[in-house]
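Asker: Input: one structure, supplied below.
Numbering (the working numbering), first residue to last: 259 to 538.
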């Protein structure tokens, strides 16, 4: 290690770029609207908006299932450079779906663009590892707070231990899922940028915090949601014990997409009912 590297590594923690020079009330020079406008022109896309309810599917299981069953169509005006947006029908409601949106930074990039394109509720359903063994996987957890062990949230909110699901949204979603079977747990998740650095010590700490699952997007999305005042709800689909148990990563029928779509149907119903009651 050079003298320069030693000096850099000995600097106080608050000198780390991730924790410095953040101006949380200042607007970004680079906006999703600007990117989408240019992308539409470059790709010669028709004008249009995304569905009111959109879903991030980090594992891609839901998307693969609906494509296999020919129940999804590609959205014609989605201008993202990195992804395709598909439309599926949940009940009688058109829902947007993006697969393989893994990690907080990618999830928030898409969230920014989706809300700039007409989204009014964003749902993330991500595969997760079990931390506290409350029951045998697979099962869902409504994430009401997420340990901020990632970097993206620090660009949206000052440093704190957790990012939180909006309380009003939490009450509404929890209420509509009270009769869902199998029962949906509610609690904390640990959001990490480094899934292969889940050490015994880190897991023990998370267990001591009462954390139910570890995943890669919720803290980032909730920090974005709070900073931008946008409705975002995250679910962990607990499918594994991080490769330490027999039968790990068994997700259920069609790789868990059947249950995930049932869960999504309940959320969409709640959104439609809330929108209708607000309109009247």
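Just so it is clear, CB atoms sit at the ideal spot from N, CA and C, and this is done for glycine as well.
Measuring CA to CA, which of 353, 434 and 440 is closest to residue 345?
Answerer: If you number the chain shown from 1, residue 345 lands on position 87. Here the closest residue by C-alpha is 353.
Asker: Out of curiosity, what's the CA-to-CA distance linking residue 305 and residue 517?
Answerer: What you label residue 305 is simply residue 47 of the chain shown in a count that begins at 1. What you label residue 517 is simply residue 259 of the chain shown in a count that begins at 1. If you take the alpha carbons of residue 305 and residue 517, they lie about 34 Å apart.
Asker: Going by Cα to Cα distance, which pick from 321, 302 and 337 is closest to residue 512?
Answerer: Mapped onto the chain shown, residue 512 falls at position 254. Residue 512 has its Cα closest to that of 321, out of 321, 302 and 337.
Asker: Strictly by DSSP, which residues pair up with residue 407?
Answerer: Within the chain shown, residue 407 is the residue found at index 149, counting from 1. The partner list for residue 407 (beta bridge, DSSP) reads 450.
Asker: Give a yes or no on contact between the segment 298–312 and the segment 346–366, applying the rule of three or more CB pairs nearer than 8 Å.
Answerer: Yes: the two stretches touch, three or more of their Cβ pairs being nearer than 8 Å.
Asker: Is it a yes or a no for the segment 472–482 touching the segment 398–417, going by three-plus beta-carbon pairs under 8 Å?
Answerer: They touch, by the three-pair rule.
Asker: Is residue 340 helix, strand or coil by DSSP?
Answerer: Stepping through the chain shown from its first residue, residue 340 is reached at position 82. In the structure shown, residue 340 sits in coil (DSSP, three-state: anything other than H, G, I, E or B).
Asker: Under a three-way DSSP split, which group does residue 533 fall into?
Answerer: In the chain shown, the residue the question calls residue 533 occupies position 275. Helix.
Asker: Measure how close the beta-carbons of residue 565 and residue 416 come, nearest whole angstrom, since I'm counting them as under 8 Å.
Answerer: As shown, the chain starts at 259 and ends at 538. That puts residue 565 outside it, with no answer to give.
Asker: Mind reading off the beta-carbon distance from residue 338 to residue 314? Whole number of angstroms is fine, and I expect it under 8 Å.
Answerer: As a working mapping, residue 338 is identified with position 80 in the chain shown. As a working mapping, residue 314 is identified with position 56 in the chain shown. Contact doesn't hold; Cβ gap of about 12 Å is too wide.
Asker: Here's the rule: buried if 16 or more other CB atoms are within 10 angstroms of the residue's CB, otherwise exposed. What is residue 364?
Answerer: Along the chain shown, one-based indexing puts residue 364 at 106. When all chains shown are included, residue 364 counts as buried.
Asker: Let me know the secondary structure DSSP gives residue 305 once reduced to three states.
Answerer: Working through the chain shown from its first residue, we reach residue 305 at position 47. Residue state, collapsed to three classes: coil.
Asker: Determine, using beta carbons only, whether residue 387 and residue 500 come nearer to each other than 8 Å.
Answerer: Against the chain shown, residue 387 aligns to sequence position 129. Against the chain shown, residue 500 aligns to sequence position 242. Yes, Cβ-Cβ distance for residue 387 and residue 500 is below 8 Å.
Asker: With DSSP collapsed to three states, give me the class of residue 294.
Answerer: By 1-based counting over the chain shown, the position of residue 294 is 36. Residue 294: helix per DSSP, three-state reduction.
Asker: Pairing CB atoms from the segment 519–529 with CB atoms from the segment 446–456, are three or more of them under 8 Å?
Answerer: Verdict: no, contact absent.
Asker: If the criterion is Cβ atoms closer than 8 Å, does the pair residue 443 and residue 420 meet it?
Answerer: For the purposes of this step, residue 443 is taken as the residue at position 185 of the chain shown. For the purposes of this step, residue 420 is taken as the residue at position 162 of the chain shown. Their beta carbons are not under 8 Å apart, which means residue 443 does not touch residue 420 by this criterion.
Asker: When DSSP labels each residue in this structure, what does residue 266 get in the three-state scheme?
Answerer: Translated into positions along the chain shown, residue 266 becomes position 8. Unreliable positioning characterises residue 266 in this predicted model, as indicated by a pLDDT of 48, which lies under 50. A coordinate reading is not provided.
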